[in-house]
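What follows is a set of notes on a single structure, which appears directly below.
Residue numbers (the numbering used here), protein chains in the order written: chain P, 295 to 514; chain F, 36 to 261.
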């Protein structure tokens, strides 16, 4: 029977703290970059003009139909060959995860905007608003409310995806656990600790999406 | 100076890539089969009125949905063999992890599908003397499964993309094969581009098939779950 010994993990709490900081940093970068670029792509997917529609569609299809890990590794090992500068693990992982999240959130934005009643557009145009004004003042505020549960789910996915950055040795929680496990020979405790940390962080967020979904279903 | 693209070293190793793709499909197929069966089990347990069944199932589902799959894989590969005192190969660890992980997601699909079947269908089945199990198998599941197919296909595609994680524990899937070729030929740009394209083609083909299936279901008026 295995003797659980978390002392070796607690002794290395500062190593985990550095990892947690790394996880939070890449999460914040990808959340902001992914969801805002996703809006741009989503508007492109919604556009009736081919110059916007086709590139946006190609982008969404490509990034949704390839694995994130392949994208991260491509940005880390392949892209620098085309570039005159080297790419840090943080930059490569952020690029992969952000672009992937942009592709997925673009479809959420598009569906949200499409779900708004045609009459809202007509009303806004009748008041003399331009397309962009109508979008910003009338359509998006209503659509965003409907998209909140789906976007929160995306945020949770981004948080989980951040562990993939460890594959290219970016210092985050899982990478630090690997380090601790190899130094102290305690993979059981180290990886269990990481799993528990993620669960504790994300479980409240998941419960929040359930509440949001229920509230939305009630309101509509 | 512009970079000179040269795909010949990659094509010279196409056999390795083909073997990698085969291994990717193997992990995906095995995890999908186990995940579906396990997922139905979890869903039935979670829907059960007995807390002894519904709480453990709920706990497993929540844990596997809210922790990163890569952490789960590392746990099953590095930690479990020490606790259980068993030998773990990368393939076995991958199948165990992705089966349970996708089962947790499939369970929610099954549950939503079963709940979506009208209460009256249960009552009717009971009224003609069926037991709970019979009503589930003969009346409710056949109707529910048809509605769940779009969600299933989406999860299956997600699963295939998730299997790339096994490359990190040195199982020779497509990504791992690409990595090996890139190191051997010093052509990472061409190799990883080809690997990404292979994934893109295979996954796009599967999702087009899924869309076709959904359209057919929509015609027969059964596609209520989007």
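Every residue gets a Cβ at the ideal spot worked out from N, C-alpha and C, and that includes glycine.
task = Given a cut-off of 8 Å, decide if residue 153(F) and residue 51(F) are closer than it, judged by their beta-carbon atoms.
result = Between residue 51(F) and residue 153(F), the CB-CB gap reaches or exceeds 8 Å.
query = What are the boundary residues of the alpha helix (DSSP H) that residue 443(P) is part of?
reply = In this chain, the alpha helix (DSSP H) harbouring residue 443(P) covers 434 to 455.
request  = Please state if the CB of residue 199(F) and the CB of residue 528(P) are separated by a distance shorter than 8 Å.
outcome  = The structure shown has nothing for residue 528(P), since chain P only spans 295 to 514.
query = Does any C-beta atom of chain F lie closer than 8 Å to the C-beta of residue 454(P)?
reply = Chain F contact via Cβ: present.
inquiry  = I need the boundaries of the alpha helix (DSSP H) containing residue 99(F), first residue and last residue.
reply    = From DSSP, the alpha helix (DSSP H) with residue 99(F) extends over 86 to 101.
ask   = Of all Cβ atoms in chain F, is any one closer than 8 Å to the Cβ of residue 371(P)?
value = Taking Cβ atoms only, chain F reaches closer than 8 Å to residue 371(P), which makes this a yes.
task = Let me know the alpha helix (DSSP H) ranges lying completely inside the stretch 157 to 184 of chain F, each 4 residues or longer, listed in chain order.
result = Listed in chain order, there is nothing to give.
Distance CB(residue 211(F))-CB(residue 368(P)) smaller than 8 Å = Contact flag unset, no.
request  = Note down, in chain order, all residues in the stretch 90 to 114 of chain F with a beta-carbon under 8 Å from any beta-carbon belonging to chain P.
outcome  = Of all residues in the stretch 90 to 114 of chain F, only 97, 98, 100, 101, 102, 103, 104, 105, 106, 107, 109, 110, 113 and 114 come within less than 8 Å of chain P when Cβ atoms are compared, listed by chain position.
ask   = Would residue 136(F) be called buried (16 or more neighbouring beta carbons within 10 Å of its own) or exposed?
value = It counts as buried.
request  = Can you give me, in chain order, the residues of the stretch 348 to 372 of chain P that have a beta carbon less than 8 Å from any beta carbon in chain F?
outcome  = Along the stretch 348 to 372 of chain P, going in chain order, the ones with a CB nearer than 8 Å to a CB of chain F are 355, 356, 359, 360, 361, 362, 363, 364, 365, 367, 368, 371 and 372.
inquiry  = Between residue 227(F) and chain P, is the shortest Cβ-Cβ distance under 8 Å, so that the two count as touching?
reply    = Judged by the 8 Å Cβ criterion, residue 227(F) is in contact with chain P.
task = Give a yes or no on whether 8 Å exceeds the smallest Cβ distance from residue 461(P) to chain F.
result = Closer than 8 Å to the CB of residue 461(P) there is at least one CB belonging to chain F.
inquiry  = Quick check for students: name the residue ranges of the beta strand (DSSP E) that lie wholly in the stretch 469 to 510 of chain P, counting only runs of 3 or more.
reply    = Runs of the beta strand (DSSP E) inside the stretch 469 to 510 of chain P: none found.
Whole-angstrom C-beta distance between residue 104(F) and residue 132(F), which should lie under 8 Å = Residue 132(F) to residue 104(F), Cβ: 7 Å. Contact.
message = Going by DSSP, what residue range makes up the alpha helix (DSSP H) through residue 349(P)?
response = It spans 344 to 358 - the alpha helix (DSSP H) in which residue 349(P) sits, taken as one unbroken run.
query = For the putative contact between residue 335(P) and residue 354(P), defined by C-beta atoms under 8 Å, what is the C-beta separation to the nearest angstrom?
reply = Correct: roughly 6 Å between the Cβ atoms.
query = To which residues of the same chain is residue 70(F) closer than 6 Å at the C-beta, ignoring the five residues directly before and after it?
reply = Cβ within range, chain order: 134, 137, 138 and 141.
request  = Could you tell me which chain F residues have their CB closer than 9 Å to the CB of residue 383(P), listed as they occur along the chain?
outcome  = Those do not exist, as residue 383(P) stays about 14 Å from chain F at its closest Cβ, beyond 9 Å.
task = For residue 525(P), count neighbouring Cβ atoms within 10 angstroms of its own Cβ and tell me buried if that reaches 16, exposed if not.
result = Because chain P spans 295 through 514 in this model, residue 525(P) falls outside it and cannot be assessed.
Rounded C-alpha distance that separates residue 447(P) from residue 475(P) = Cα-Cα distance, rounded: 31 Å.
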